[in-house]
Structures are given as C-alpha cells and as structure tokens.
Amino acid sequence: MRNAFEGLFVPLWRKMTLQGRLARFCLVLWSALAYHARRRIVAYNMTVYDKLSAAWQCQNSLLCVGLDPDPARMPAHIADAGEPLYNFCRAIVDATAQHVCAFKPQFAHFAAQGAENELARLIAYIKSEYPHLVVVLDAKRGDIGSTAEYYAQEAYQRYNADAVTLSPYLGYESVAPYLAYDDRGVVVLCRTSNADSNWLQNDSRDTPPVYQRVAERVAQWNDAGQCMLVAGATYPEELGQIRRLVGDMPLLVPGIGAQGGDLQAVMAHGLDGGGTGLLISSSRGILYAGEGDDFESAAGDAAAALKNSINFFR
C-alpha cells in the first residue's frame with residue numbers, strides 16, 4: 078500500500094511548482110482546522126462561502142484578478158504562438174496568485190476567439206496549481222428552463238468554475254438551476270460600475286430603486302449561502318446601501334483601476350463585519366501593467382501594489 082501511494086503521489090508532488098505545493102498545503106491545513114472546529118466525524122465539504130473565506134484568510138487578500146485576454150495587447154512571442162490566450166493568462170496567474178483570493182476569467186474574451194478549450198484548460202490549471210483560490214466565470218448568463226440548466230452545466234461541469242455571474246432580469250427561475258449545485262455560487266448583477274446603468278438600476282422615479290430591490294430579493298434566495306452580488310466601485314454609497322441590505326453576503330466589486338473607482342470609499346462602505354466580504358476586481362490595470370517581455374513581473378508588481386493598497390484601508 079505504501080509503495081503504491083508513493084508511486085502515485087510522489088511523482089505528482091515533484092511536478093508541482095513551489096506555489097502549487099504551498100497552495101495545496103494551505104487548503105489542506107484550513108480544511109483540517111475547520112473539520113476539528115466543527116467536531117464533525119464525516120469529511121468536511123466546502124461550500125463556495127467556505128472556500129472564499131479560506132482564501133481571504135490564507136492569502137490575506139481581497140483582490141480578484143480579471144482574466145480578459147486581448148491578443149492585440151499580448152507580447153508578440155505569445156500572441157503569435159499556439160494557444161495564446163491560455164499561455165498569456167497562465168503566466169498572469171502564476172505571477173499574481175500569491176496576491177489574490179480569486180481569478181475571474183471573462184467568457185467572451187475566449188469565446189470570440191473560438192478558444193473555449195483554452196478557457197477550460199486555464200481553469201483546470203488554476204484548480205490544479207492553486208486549488209485554494211476561487212474561480213468566478215464572468216459570463217453574465219440570464220435565461221430560463223432547459224437553457225438555464227445547460228448554462229449551469231456549462232459553468233460548473235464543463236468549466237468547473239466555483240461561481241458564475243448572472244443577470245437577475247428573468248427572476249428566480251433563471252437562477253434556480255445554478256443553486257441546485259450546492260457547492261457552487263452565483264454572482265448576481267446588482268449595481269454595476271458603468272454609468273449608463275443609472276436609467277434602470279437607480280432611476281429616481283423608482284422607490285426603492287431597482288438595485289436595492291435586486292439586493293433584497295437575492296438575500297431571500299440565499300438560504301444555503303451561495304449568493305453574491307456585483308456592486309461597482311464607481312458607486313460606493315450605493316455599495317454601502319447594498320451592504321446594509323444583505324449583511325455579510327460577499328460582493329464582487331469591479332471598477333477599481335481603469336474605471337476610476339474610489340478604493341478608500343469602497344472599503345469604508347463595503348467591508349463586512351469581519352473586515353472581509355469583498356472581491357475587488359481589477360483586470361486591465363494588472364494584465365497590461367507591462368506589455369513587453371517583462372509583462373509577468375509587471376503584473377505581479379501591480380497585483381502586489383493593489384493588494385497592499387486594499388489592506389491599508391482595512
């Protein structure tokens with residue numbers, strides 16, 4: 078039995094990067110602590126909230142790096158080679174993993190290039206090398222019936238994402254198929270960071286405004302601890318209103334960096350009671366911090382700087 082175990086485990090362990098080994102150790106350690114804390118006899122099954130809480134603590138980070146690959150901005154030696162989206166994003170992942178709690182691959186950036194298999198391979202790589210980090214598939218799905226069931230199957234079975242972004246416009250029946258996967262999460266659009274969303278999400282004629290009604294309704298759907306909301310950094314006061322409505326529900330916060338969101342205001346309005354509760358997303362500001370041969374180190378430095386800025390205001 079011992080020889081068989083060593084024959085299977087030791088070669089795999091040796092092939093892993095140092096970061097991968099540390100990631101696995103961190104996840105196993107946290108799971109063991111959670112197991113003993115709850116005094117369970119059965120194995121500990123992590124929900125998406127469990128995994129996110131572990132990542133916040135283990136990484137000491139609220140940073141989520143968006144993976145939105147643009148071939149036009151990649152170094153030529155990657156853009157001109159095979160599987161450029163996978164290879165570019167894998168390099169970004171390796172350079173930034175020590176600074177983040179989550180990665181957020183953007184579905185359309187891969188699908189438009191016919192690179193869905195590269196997306197699947199990228200998520201599999203993150204799961205293998207950094208299993209303690211959360212993967213949010215940014216797909217913004219919204220449909221009902223069998224179509225929603227297939228979209229959920231795509232997100233959780235084909236791509237093995239921990240969570241997926243959704244539109245609430247079609248109501249609960251468009252979200253329910255995703256909640257059937259009890260170890261996975263949904264991230265529902267609520268108060269998005271783009272200015273043109275005001276006419277729908279925060280129209281002065283609506284009382285309460287639509288974004289608050291969405292927050293209240295999603296909180297009602299969250300019996301099993303699977304729901305999160307998108308709350309843009311460009312509207313920190315509205316983000317604070319959402320926090321008051323949903324308690325400690327995690328919030329995905331885009332809009333820091335290229336969109337000009339106010340980080341200090343986001344932290345003041347958005348942190349939960351435990352000083353976490355946020356996935357602060359940055360994409361272009363990290364991915365393209367450097368566009369030459371040093372793009373990896375530049376991305377790592379940008380991620381470290383943003384992580385430190387976030388922690389400064391905690």
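Counting the sequence shown from 1 gives a position; our numbering is that position plus 77.
Beta carbons are placed, not taken as given, at the ideal position from N, Cα and C, and that holds for glycine.
Computed from a predicted model, the values in this text were never measured in an experiment.
Linking A168 to G317 through their CA atoms gives a straight-line distance of about 35 angstroms. Ranked by Cα distance from E206, the first of R218, T173 and G219 is T173.
Only residues of its own chain outside the window of five on either side were considered, and among them G219 have a CB closer than 8 angstroms to the CB of Y246, listed in chain order. The count of Cβ pairs closer than 8 angstroms, one atom from the segment 251-270 and one from the segment 218-237, reaches three, so the stretches are in contact. Cβ-Cβ distances below 6 angstroms link I363 to V142, A376, A379 and A380 in the same chain, with the five nearest sequence neighbours on each side left out; the list follows chain order. In the three-state scheme derived from DSSP, where H, G and I count as helix and E and B as strand, M151 is classed as coil. Taking a 10 Å sphere around the C-beta of P285, we find fewer than 16 other C-beta atoms and assign the residue as exposed.
As a beta-bridge residue in DSSP terms, F180 pairs with V142 and V212.
For M305, no alpha helix (DSSP H) segment is defined; the enclosing uninterrupted segment is the beta strand (DSSP E) at C304 to A308.
In the DSSP annotation of this structure, the continuous segment of the alpha helix (DSSP H) that includes R198 starts and ends at E193 to E206. For the set A366, P146, P327 and Q303, the Cα lying nearest the Cα of Y258 is the one of Q303. Annotated three-state conformation of R391 is coil, per DSSP. By the Cβ neighbour-count rule, W276 is exposed, with fewer than 16 other Cβ atoms within 10 Å of its own.
In the structure shown, I357 adopts extended strand secondary structure according to DSSP, grouped into three states. Across the structure, E226 and N299 are spaced so that their CA atoms are roughly 19 angstroms apart. A distance below 8 angstroms between beta-carbons, with the five flanking residues on each side excluded, links Q190 to the following residues of its chain, in chain order: P148 and L162. With contacts defined as CB atoms closer than 8 angstroms, E195 and F187 qualify as a contacting pair. DSSP, read as helix, strand or coil, puts L348 in coil. The beta-bridge partner set that DSSP reports for T311 is empty. Burial check for E368: the Cβ neighbour count within 10 Å stays below 16, so the residue is exposed. For G262, there is no enclosing alpha helix (DSSP H); the residue is part of the beta strand (DSSP E) that begins and ends at G262 to R268. A308 and R268 do touch by the CB rule: their CB atoms are close to 5 angstroms apart, below 8 angstroms.
For V252, there is no enclosing beta strand (DSSP E), as DSSP marks it with neither H nor E. Of the residues assessed, S223 falls on the exposed side of the cut-off, its CB having fewer than 16 other CB atoms within 10 angstroms.
By the 16-neighbour rule on beta-carbons within 10 angstroms, G350 is exposed. In this structure, H176 is the residue among E293, H176 and E193 with its C-alpha nearest to the C-alpha of H209.
The C-alpha of N137 lies about 15 angstroms from the C-alpha of S358. Within its own chain, the residues whose Cβ lies closer than 8 angstroms to the Cβ of A296, once the five positions on either side in sequence are excluded, are C304, L322, V323, G324 and M326, listed in chain order.
Approximately 5 angstroms separates the beta-carbon atoms of S270 and Q336; this is inside 8 angstroms, confirming the contact. Of the residues assessed, F372 falls on the buried side of the cut-off, its CB having 16 or more other CB atoms within 10 angstroms.
Between the alpha carbons of A192 and G248 lies a gap of roughly 31 angstroms. Taking the Cα positions, Q234 is about 34 angstroms away from V343.
Under the three-state reduction of DSSP, A189 is assigned to coil, being neither helix nor strand.
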